[in-house]
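Asker:
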RNA sequence: GGGCAGUUAGCUCAGCUGGAAGAGCAUUUCCCUUACAAGGAAGAGGUCGCAGGUUCAAGUCCUGCACUGCCCACCA
């Protein structure tokens, strides 16, 4: 067996990612004797390659899947990608633009060919990257939101909702992205503060000289005003309600109305009402039955306005209107004002609210059911702080605009009956899988399909059921066995866009939630706390990290920072530290494997022979329990920390170092005994670590147990308690002594090569026993040649002193000691002891403390005081001695 | 405007049900001691955001405030 001195990730990773795929390690079959544990991957958009956020998201899921598999569950993790609607279409449009081509040049059919071409290229890139990260996905179940099976799910869902009357078409005020040229749903609009102005405009009364001043951030929309609204309780205006105004520049007559929504203290308290281009105004208009005049079309151009403004862009119209108002004396003032502006979440273009004919889904009932599910703990958020905002959102949810005026997506399965000339008849549209044969109303045989496609989130919302064949296979056994899935892991940015809708659709179509646990992880930020984005240029590509530090390091660093619900700042250093850890694991294993050479067989039973054995077994058992608990509660960060701490600071720093004493023994049984424990704990730790660092642990595991199952298919050690509790305290005593001697040596600048003698003046007889029994530990790790125990030992001349672990420790350092240095060191130590004595004495002098605190606590404080006093006494003696 | 997080060592973060302030990185000193210099040993570095309160005891519980970040809202 040859192991490199430094862990070399590249070839090992290549080997194992290939192995898992080829051997179908993570392929799942229905097994009714085993409990399923299922995760469905949040499908990445086929817009390119994976970023750090994906790496985090998939790593966490992989960790959970691998952990559950090793716990004996029948695990399934379903891979897939999302067609990504607008986002993906935009990417391809941009590529075409570079060649000077628009989608209209190509036409719908040709353009879609381009889209499919793109998707087949990038879809595989993403899947390959998931393999590279080591994801234990079932590669026989790769799904795509627009493949045949998923398309059937989408159609079935649409038809079912349509037939139930929940999907309807109507002309409503929608969020329109002029650049993407499509409607958006409410949550696809992102609001951002913007510096702007508040224009105060005078609207004259028709029947008198008076006027009303309105304040607006969008003066150009005044051309479409159909009223001015005031609060019914606003005394400034009560006498004007019902009066008529003459709209400047247009000269249309509009009324003054009252509406409770108007805030008296904002602006002038009078609001211009533009029902066709503002959500609030639209509601006011509904309440007061106002006329709606559309003045902006889907291209962002002015329509239905005086000739002068007709055809201008919104921006041009604004400048012109302001100029004209000013010239005509209607403009009272312009204030600076900051307000939030809605932008398209895919292209950041300002969203224009306008009237448009769209398909809507009535979500009221589904939302209520989702709320109930959350309240009944059928869905549980981790961390739970997301529950409330989630419920609030559902409760206030408005109907979902599901149609998009783009080409890439699921075309709406609605067919319109048309006459011979191709004009739509007045027959009711039909929702169906395929083009209908005959119109049930007029018996006509000609149909056209709706031009629009569905919101990409519609198919995403079906993901947990569509991947199991819902809609394609009426009797899907997979769906029965694997649904509901076990947990959904995702970032909080898509709780509403995706999670909530999946729950709604799960309840609607399966009468059951799609998962109980919703694990919300944070967003990866750069080291300054900024969100990673291409425009900021602070994106860290996971592939670069893998190249530089290895995949396990990438995964470990991500896991370590993945406190549920908290965003994480991640920098190069964290990957470096994780890489160092993987090297540590490698080398500790290498040490053990080197020593295993020539050892034919290990002991079956783990029999502790001495203190260190009992201690490391106890520490390991504690770690095992903590780690399993942390895994179960999705505290992956705690898992990583616990393993790191145990392995490095306990197993490597102490146990391996102490094992070396027995390792050089000429008695093969002694060597075998300690190696048995070393291997037992190493294997256990590798198992705990393998969900996070699957590559390195798989490799070492394989070298260790040539013919056994791979680590991913092994079963975790059971938690047990061997009961060597006193070993912790004893080991602490020994460690205390060793550290104190090391400190003395270090501060006195005694080279590690110099073996020295130590005198232990016994203060605590119990500890004398422990120290004597483990003398070899002290000699080995503190580089001590011999120890003389005794009582009332006089401090030798020219010696260094430390009071530790129940002893006064003297290191005779004839010729090596610097008296002045020793004095200042002791003074410092005595100062610390004095502080301790003061603190503890103060507590004990407090009657209330002695009376009310638990007895054990009081005793502990008393002990501390005694120790401190003793220390002070001893050091004082020494100081005198030095003088 | 409402809600939710966060505020602990120079940086990134741990600190469970309240009982002596922790880790990693960076830094200082010593060491290539045959697993590992991507390492080992030792050290320095914190009035735990501020102000009150509860308690014998508060980083930990309560209240208020400040700052930062995120989410939501019909910010004319």
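Residue numbers (the working numbering): 294 to 1176.
Every residue gets a Cβ at the ideal spot worked out from N, C-alpha and C, and that includes glycine.
Taking residue 375 as part of the beta strand (DSSP E), name the residues at either end of that continuous run.
Answerer: It spans 373–375 - the beta strand (DSSP E) in which residue 375 sits, taken as one unbroken run.
Asker: With a 10 Å radius around its C-beta and 16 neighbouring C-beta atoms as the bar for buried, classify residue 1044 as buried or exposed.
Answerer: Exposed is the call here.
Asker: Specify the secondary structure class of residue 339 as computed by DSSP and reduced to three states.
Answerer: In the structure shown, residue 339 sits in coil (DSSP, three-state: anything other than H, G, I, E or B).
Asker: Scan the segment 1056–1097 and note each continuous alpha helix (DSSP H) run of 4 residues or more that stays entirely inside, going in chain order.
Answerer: As far as the segment 1056–1097 is concerned, its whole alpha helix (DSSP H) runs of at least 4 residues are 1058–1066 and 1068–1075.
Asker: Identify the residues that DSSP records as bridge partners of residue 484: which are they?
Answerer: Per DSSP, 635.
Asker: Suppose you measure from the CA of residue 647 to the CA of residue 748; what does that come to, to the nearest Å?
Answerer: Near 18 Å, if we compare the C-alpha coordinates of residue 748 and residue 647.
Asker: What three-state label does DSSP hand residue 654 in the structure shown?
Answerer: If DSSP states are grouped into helix, strand and coil, residue 654 belongs with the strands.
Asker: Taking C-beta to C-beta, are residue 974 and residue 1018 nearer than 8 Å?
Answerer: Contact flag unset, no.
Asker: Extract the residue ranges of the alpha helix (DSSP H) inside the segment 583–649, only unbroken runs of 4 or more that lie entirely within it.
Answerer: 607–620, all fully within the segment 583–649.
Asker: Name the DSSP bridge partner or partners of residue 861?
Answerer: Answer is 817.
Asker: Residue 852 to residue 816, Cα distance in whole Å?
Answerer: Whole-angstrom Cα-Cα distance: 13 Å.
Asker: Might you give, ordered along the chain, the residues of its own chain that have their beta carbon closer than 6 Å to the beta carbon of residue 605, omitting 5 neighbours on each side?
Answerer: Result list for residue 605: 595, in chain order.
Asker: Three or more C-beta pairs under 8 Å: does that hold for the segment 535–554 against the segment 503–518?
Answerer: Counting Cβ pairs under 8 Å, three or more are found: they touch.
Asker: With distances taken from CA atoms, which of 1118, 552 and 569 is nearest residue 562?
Answerer: If we check each option's Cα against that of residue 562, 552 comes out closest.
Asker: Taking all protein chains shown into account, do 16 or more other C-beta atoms lie within 10 angstroms of the C-beta of residue 355, making it buried, or fewer, making it exposed?
Answerer: It counts as buried.
Asker: For residue 520, list the residues DSSP reports as bridge partners.
Answerer: 548 and 566.
Asker: Since residue 427 and residue 558 should fall inside the 8 Å C-beta cutoff, what is the C-beta to C-beta distance between them, to a whole number of angstroms?
Answerer: Contact flag wrong, Cβ pair sits at about 59 Å.
Asker: Once you ignore the five residues that flank residue 365 on each side, which residues in its own chain have a CB closer than 7 Å to its CB?
Answerer: Cβ neighbours of residue 365 beyond the five flanking positions: 1008.
Asker: Where does residue 1107 sit, in a helix, a strand or coil, going by DSSP?
Answerer: Of the three classes helix, strand and coil, the one that applies to residue 1107 here is coil, per DSSP.
Asker: Within 10 angstroms of the Cβ of residue 496, are there 16 or more other Cβ atoms? Answer buried if so, exposed if not.
Answerer: Buried.
Asker: Do the segment 754–772 and the segment 639–658 touch if we need at least three Cβ pairs shorter than 8 Å?
Answerer: No, the segment 754–772 does not touch the segment 639–658.
Asker: Using a threshold of 8 Å, state whether the C-beta atoms of residue 856 and residue 798 are closer than that.
Answerer: In this structure, residue 798 does not lie closer than 8 Å to residue 856 by Cβ.
Asker: Applying the 10 Å Cβ sphere with the 16-neighbour rule, what's the burial state of residue 864?
Answerer: Burial call: exposed.
Asker: Quick check on the burial criterion: 16 or more other C-beta atoms within 10 angstroms. Buried or exposed for residue 550?
Answerer: Burial call: buried.
Asker: Leaving out five residues on either side along the sequence, give the residues of the same chain with a beta carbon under 7 Å from the beta carbon of residue 385.
Answerer: 407, 408 and 411, listed in sequence order.
Asker: Since residue 300 and residue 989 are thought to touch, with beta carbons under 8 Å apart, how far apart are those beta carbons, to the nearest angstrom?
Answerer: Going by Cβ atoms, the distance from residue 300 to residue 989 rounds to 6 Å, so yes, they are a contact pair.
Asker: Considering only the alpha carbon of each residue, which of 456, 738, 1012 and 319 lies closest to residue 716?
Answerer: The candidate whose alpha carbon is nearest that of residue 716 is 738.
Asker: From residue 582 to residue 568, what does the alpha carbon distance come to, in whole angstroms?
Answerer: Using only the alpha carbons, I get a separation of about 10 Å.
Asker: Taking Cβ positions, are residue 618 and residue 506 nearer each other than 8 Å?
Answerer: Against a cut-off of 8 Å, the Cβ pair of residue 506 and residue 618 comes out as no contact.
Asker: Would you mind giving the Cβ-Cβ distance between residue 262 and residue 1112, rounded to the nearest angstrom? I have them listed as a contact below 8 Å.
Answerer: Because the chain is modelled from 294 through 1176, residue 262 falls outside the range shown and cannot be assessed.
Asker: Of the residues 588, 591, 554 and 560, which one's Cα is nearest the Cα of residue 574?
Answerer: Selected option, being the one with the closest Cα: 554.
Asker: Which residues in the same chain have their Cβ closer than 8 Å to the Cβ of residue 1163, if we skip the five residues on either side of it in sequence?
Answerer: The residues are 1056 and 1096.
Asker: To the nearest angstrom, how far is the alpha carbon of residue 1058 from that of residue 1099?
Answerer: Whole-angstrom Cα-Cα distance: 8 Å.
Asker: Would you identify the three-state DSSP class for residue 761, choosing helix, strand or coil?
Answerer: The answer is coil: DSSP assigns residue 761 none of H, G, I, E or B.
Asker: Looking only at its own chain, which residues have a Cβ that is under 8 Å from the Cβ of residue 487, when we skip the five neighbours before and after it?
Answerer: Cβ neighbours of residue 487 beyond the five flanking positions: 631, 632, 633 and 634.
Asker: Pick out whichever of 888, 1116, 1005 and 1014 has its Cα sitting closest to the Cα of residue 316.
Answerer: With distances taken between Cα atoms, residue 316 lies closest to 1005.
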